Structures are given as C-alpha cells and as structure tokens.
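Novice: I'd like to ask some things about the structure below.
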Amino acid sequence: MPTPSSRYLRTAFIVGLFVILCIGGFTYKHISELSQTSKVVKDNYSLRSELELIISNLKDAEIGHRGFLLTHDSLFLNPYEESLQKVTSNLHKLDTLIVSNGEQVEKLKELKEDIKKRFNNFDKSFSLAKDDTILTQDLLFLLHEGEIRMDRIRADITAMLDLEQRLLTHNQEINEKKIGLTPLLFYGLLIVTLVILLLAYFKMSKDLKALKENNIELEIFEKLTKQSEIVSNTSTWVWYIEDNEFEFSDNLYRLVGEEPQSFEPTLENFYKYVHEEDINHLGQQVNMMMREEELPFTTYRVVHKDGTIRHLKAYSKMMDDTEGDKKMFGVTIDVTNELENYRIIEQRNQELERTNKELSAFNYVASHDLQEPLRKIQTFMSRLEAKEKDHISESGQLYIQRMKSASARMRMLIEDLLQYSRTNTSEKEYLRTNMNMLLEHAKTELLDSIEEKQATIICDDLPTMDVISFQIQQLFINIISNSLKYSREGVPPIIEITHQEVLSKDVEEIKDSLYKFHHKITFKDNGIGFEQTYADKIFLLFNRLHGKSEYSGTGIGLAICKKIVENHKGVILAESMPNAGASFIIYLPFLK
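When we follow the numbering used here, the leftmost residue of the sequence shown carries the number 45, and every step to the right adds one.
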C-alpha cells in the first residue's frame, strides 16, 4: 500500500507537472497573440502603404492625363497606363489585407467605386480631347469632375487610414494589457512551482532521514535477531515458492554444525546432515509442505561432523508479501535440551509416583498399625480405671484422666492427618453433583452436635456443579463443625449459607482467574469470631487461635478446607470480628 509520504510526493509531482504545462500553454498562447498582433501591425502598415501608393499612382495617372491633353502626344499615355495597372494591383492587395473588418470592407468598396469613376472620367476626357469642336466646352467640365472624384478618393483613403489607425491603437492597448499581465502570471506560476518543489525537497529530505534512521534500526534489529537466534538456539528460513529457492539464516548452519553460509541453501545439501533414520519422515513432511503450502510441527535429528546428535523441530507458514509473491516462512528450533529436560521430568514423575505409593503405604500403616497400639492403651486404661479405681490414689486417677485425654487427642490427630493426606493424594474425579445433597449429608453427619448446640442452619438453594463429591462434603462438614465448636456460651448457633454467581473480574482475589464466572458460597455464623489479622493463619496446618483446654481440635480442619478448595481451583477467605461471628467465603469456578 502507498505510504502518505509517497502519496504526497506523487501529488507534488502531478501539481508541478500541471503548473509547468500551464506555463507552457500560457507561453504558447502569449507568443501566438504577440505573433497575431505583429501580423495585424504589419498588415496595418502594408494597408497604409498600399493606400498611399494608390494616391501616388493616381497622381501619376493625372500627370500622364494632363500631358496628353496638352500635347496630344501618345507618349504621355504610357505613365497613365502604368499607373492604371499599379492601382489595380494596389486594390487587389487591399482585398487580401482587409478580410475581417466589415466597416473597412465597405469603405474599400466605396474607394473602388470612386477610383473606377475617376478612370472613367479619364477615358471620357481622352475621347473628348480628340474632338476639337467640343474640346473647350466639355473638357473643362470633365476636368472639374475629375478633380471632385480625386477629392472623394482622398477622403475615402483618409477615412480608411483613420479607421485602421483606430484599430491599430485598440489592438496595441489590448496587447499592452496582456504584456503587462503576462509577467505577473508567469512570475506567480513560477513561485508556486518553486514552493511545490521546495516542499517536495524538504519532504524527500525528511523521508530520506527517516529512511536512514529506519535502516539503522533495521540493522540493529537484524543484529539482535541473529544474536537472539544464537542465544535461544533458533533459526529461520524462507522458501520462495515461485522460484523454488531457499534462504537460510546464519544460525540454521550452526544448528547443523557448520559455519554460516558455508553451503548453498538447498534441500539436497540440508538432507546431508539429517539422521539416516529420520530422513524419510522429514522428506515426507517437506513434500506435504510443498503440496499443502504449510508445514506442521515436525521433529527430526541432525548429525554434526563430530558425531554429535541434535534434535530439531521445524514449523512453517505461508506468507504473501506486498508484491504478491508467495513465500513460506519457517522456524527451526534446537529442542535437544528440552527433550533432556523432559526425560528428567519423566524420571522425577516416576520417583514421585514411588513416593506417593510409599505415602499410601504410610497411610495404611498410620490407619492400622499406629492406631492398634493406641486402642490397646485406651482399653487397658479403661480396665485399670474400672477394676483398680478403689486402689488408686486421687492423684493417680488424675493421671489416668490426663492419659485418656491425651490418647483421645492422639487418636483425633491421627484421623485428621489421614484425612489431610487423603485430600492430597485422592483421585480428582469431577462429577456433576447436586450441592444441596452434599450439604444434607454433612448436616446428617453432624446431627448430634447440631441438636446438642440447638443450632439453626439457614441455606439458599445451591446449584449443581462439577466437583469431587466426598471432598466437598468434607469441606461442608469441617466449616459447619468449626462454627458449632466456636459458638458463644449460652447463644444458640445460627449458620447462614448463601450462594450467588459473580464475575471474576469484579472480585480482587480472583480477577486474574482463567474462568469468567465463579460460584460464591458464604458460611456466616454468630460465634465468638476472631481478629481479622489472623484470617490467613487459621488455614495453616496445626495452627490454633485458642488453647487446647478451651476448645478441642487439632488445627487441621481448616487446612483441609483450604486444600479441598484449591483442588477445585478455587479460593477460600475468612472475615471476622471478635464476638461478631465469622464468615467463610468460598469461590469455585465454573463455565457459563
């Protein structure tokens, strides 16, 4: 597409050319008018000269006429006849000089008529001069008449000369006006042309400067591109489809273990470095590229001269340049290190799987072997308390109570640890589940505590969601149990469960989420609450805000809640004030 600069220069060139053509046209017109004016002046002077010659020739005819009348010598008729021919010639020239002016043409007709009558007068006087009987009587009349005719001829010629003078003066005035305006017009057009040329010059200078700066930037970019190819182990190549020619970047040569531009960039030369086991596959991919004009990601190996094997990955895409030539732009990457890292990751995954199996084995041990001795301890303490109670001192009985409390707490701790471990290692199978049903199961699990505390649970209708069912049920159990545990003395617990759908971008904690919408589930109670500064700490493992003697528990329940919510790619928050209850807010993503 033409740039604004090129359009500007093109416009300046067209305007300048138009102005030059205008100057040429005005110049041609002015020269034509000057030529026409010169011709008019020349014709004017020629006409005046012819009119004056007519007077002169008529005078010569009169002289010959008078000489013949006085002498009757035919010798005087020669100048008369010559004058007649000259006058005839003069009148013919006047016919050619006077062609456009109607008034002058009419005067020329009158002049011709008067000249004709004058020569008729000459002819009559010649005939009378031969007759001696009437010589004196009629000749004098004819001579007087000839003088009158001559005066009329002079008057006709004077009128024609006056008219021609007026025409000449009028043409000179017009010519002087045109001559006066023409320099100003030419000067103005010349100034406009110079301004256009100067603007074009400055624009070209500016564009050349910008082009120079762009070239410098391109050179820097080219150097940076080459350096980045070296650093990132990448390279580029271009296939010019119409010419069936290739162009390789310098680093593509390095990827095959050669110096830049050390061989001609052709497929045959490149195939020499491809591993023999991969050359057929690569050839098939290249043939497909030439047919379909696109190369999907393909991986192959190359062998350096020193025997080193490197893994390369190539990809290409069709591109059309501004001139309409079809070419394919490709990228080749050395992925040897990536493959090595992938192998290392696979090994670590295998190690992790072994660790998980060991952890599962530990869970089995913890759930059976560790609890078995604990159950025996609790059994023997119960027997000791039942059978030997009367023989044990008061302090001994106190010790037995403390041992029972410690063993019960240890049993609870083992069960919570097992629950936390299962949360980390359980299969994450998401199923479409009615959340109301999970909540009812949780309430049934806690029915004794709910009745004992005389608690009231108010709940909105919850949606159906894709969740790990047993984990969400455990989440509900732990949060409700937490609210029941930390209720205020003498105040029946009230737990409100609400639900709404929110836009992720409107909530600070989830505004960067990949999901557009989230479910917001809030558990609000009227319990003892806590300081907001502890809102994050309560979700840490083994963290407790109250003493063991005040409230039972291991400090693992809310940590399990956080782990469950994180398993569902969600967020759990806590808001509270002392003696004003606590709110646990859960955001779980969903697609809408």
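For glycine and all other residues, C-beta sits at the position ideal for the given N, C-alpha and C.
Just so you know, these numbers come straight off a predicted model, no measurement behind them.
(1) Please list the terminal residues of the continuous beta strand (DSSP E) segment that includes Asp378.
(2) Check each candidate in Ile235, Arg298, Ile524 and Met372 and name the one with the smallest Cα separation from Tyr284.
(3) When DSSP labels each residue in this structure, what does His298 get in the three-state scheme?
(4) For Leu528, does the count of other Cβ atoms within 10 angstroms reach 16, so buried, or fall short, so exposed?
(5) Do Val346 and Tyr386 count as a contact pair if the criterion is CB distance below 9 angstroms?
(6) Would you mind working out which of Tyr578, Ser79, Gly351 and Ile444 sits nearest Glu320, comparing C-alpha positions?
(7) Compute the Euclidean distance between the alpha carbons of Leu262 and Gln305, then round it to the nearest angstrom.
(8) Can you tell me where the alpha helix (DSSP H) holding Asp139 begins and where it ends?
(9) With respect to the beta strand (DSSP E) encompassing Arg476, which residues constitute its N-terminal and C-terminal limits?
(10) Work out the CA separation of Ile523 and Ser513 for me, nearest whole Å.
(11) Out of Lys497, Gln518 and Glu495, point me to the one whose CA is closest to Leu483's CA.
(12) For Met45, which residues in the same chain have their Cβ closer than 6 angstroms to its Cβ, ignoring the five residues on either side in sequence?
(13) Do you know how far the Cα of Arg354 is from the Cα of Thr310?
(14) Specify the secondary structure class of Ser620 as computed by DSSP and reduced to three states.
(15) Less than 9 angstroms between the C-beta atoms of Phe628 and Phe567, yes or no?
(16) Ignoring anything shorter than 3 residues, give me the beta strand (DSSP E) runs that lie fully in the stretch 498 to 532, in order along the chain.
(17) Looking at His562 and Val551, is the spacing between their C-beta atoms short of 9 angstroms?
(18) Could you name the residues of the same chain whose beta carbon sits closer than 6 angstroms to that of Lys349, not counting the 5 residues immediately before and after it, in chain order?
(19) Decide yes or no for the touch test of the stretch 377 to 394 against the stretch 327 to 336: beta carbon pairs closer than 8 angstroms, at least 3 of them.
(20) Going by other Cβ atoms of all chains shown within 10 Å of its Cβ, with 16 needed for buried, is His109 buried or exposed?
(21) Pick out whichever of Thr542, Asn164, His543 and Tyr559 has its Cα sitting closest to the Cα of Lys549.
(22) For Thr376, tell me which candidate among Lys256, Leu339 and Asn393 has the shortest Cα-Cα distance.
(23) Which class does Glu147 belong to by DSSP, given the choice of helix, strand or coil?
(24) Within this structure, are the beta carbons of Ala618 and Asp580 separated by less than 9 angstroms?
(25) Who are Ser279's beta bridge partners in DSSP?
(26) Given this structure, state the Cα-to-Cα distance separating Lys86 from Ser79, to the nearest angstrom.
(27) Within the continuous beta strand (DSSP E) that includes His348, where are the two ends?
(28) Is it buried or exposed for Asn526, if we count other Cβ within 10 angstroms and need 16 for buried?
(29) Return the first residue and the last residue of the beta strand (DSSP E) that Ile629 is part of.
(30) Looking only at DSSP bridge pairs, what is Tyr359 linked to?
(31) When you compare the stretch 58 to 68 with the stretch 230 to 239, are there three or more beta-carbon pairs, one atom per stretch, that lie closer than 8 angstroms?
(32) Report the rounded CA-to-CA distance for Phe120 versus Phe112, giving the unit in angstroms.
(33) Using the three-state DSSP reduction, which class does Pro340 fall into: helix, strand or coil?
(34) What residue from Leu547, Glu473 and Val59 has the CA that sits closest to Leu242's CA?
(35) Going by Cα to Cα distance, which pick from His116, Leu268 and Tyr89 is closest to Asp206?
(36) Excluding the five sequence neighbours on either side, which residues of its own chain have a C-beta within less than 6 angstroms of the C-beta of Gly591, listed in chain order?
Specialist: Reading from the atomic positions:
(1) Lys370 to Asp378
(2) Met372
(3) At residue 298 the sequence reads Arg, which differs from the His that was named. Helix at Arg298.
(4) buried
(5) no
(6) Gly351
(7) 21 angstroms
(8) Leu121 to Leu141
(9) Leu475 to Asn478
(10) 16 angstroms
(11) Gln518
(12) Below a pLDDT of 50, predicted positions are generally treated as unreliable, and Met45, at 47, falls in that range; no measurement from the model is reported.
(13) 20 angstroms
(14) strand
(15) yes
(16) 500 to 503 and 508 to 511
(17) yes
(18) Gly301
(19) no
(20) buried
(21) Tyr559
(22) Leu339
(23) helix
(24) yes
(25) Thr376
(26) 10 angstroms
(27) Taken as a continuous stretch (DSSP letters only), His348 belongs to no beta strand (DSSP E), as it is neither H nor E.
(28) buried
(29) Ala626 to Phe634
(30) Val375
(31) yes
(32) 5 angstroms
(33) strand
(34) Val59
(35) Tyr89
(36) The pLDDT assigned to Gly591 is 45, lower than 50, so where the model puts this residue is not dependable; a value taken from the coordinates is nonetheless given after this. Excluding sequence neighbours, Gly591 sits near nothing in its chain.
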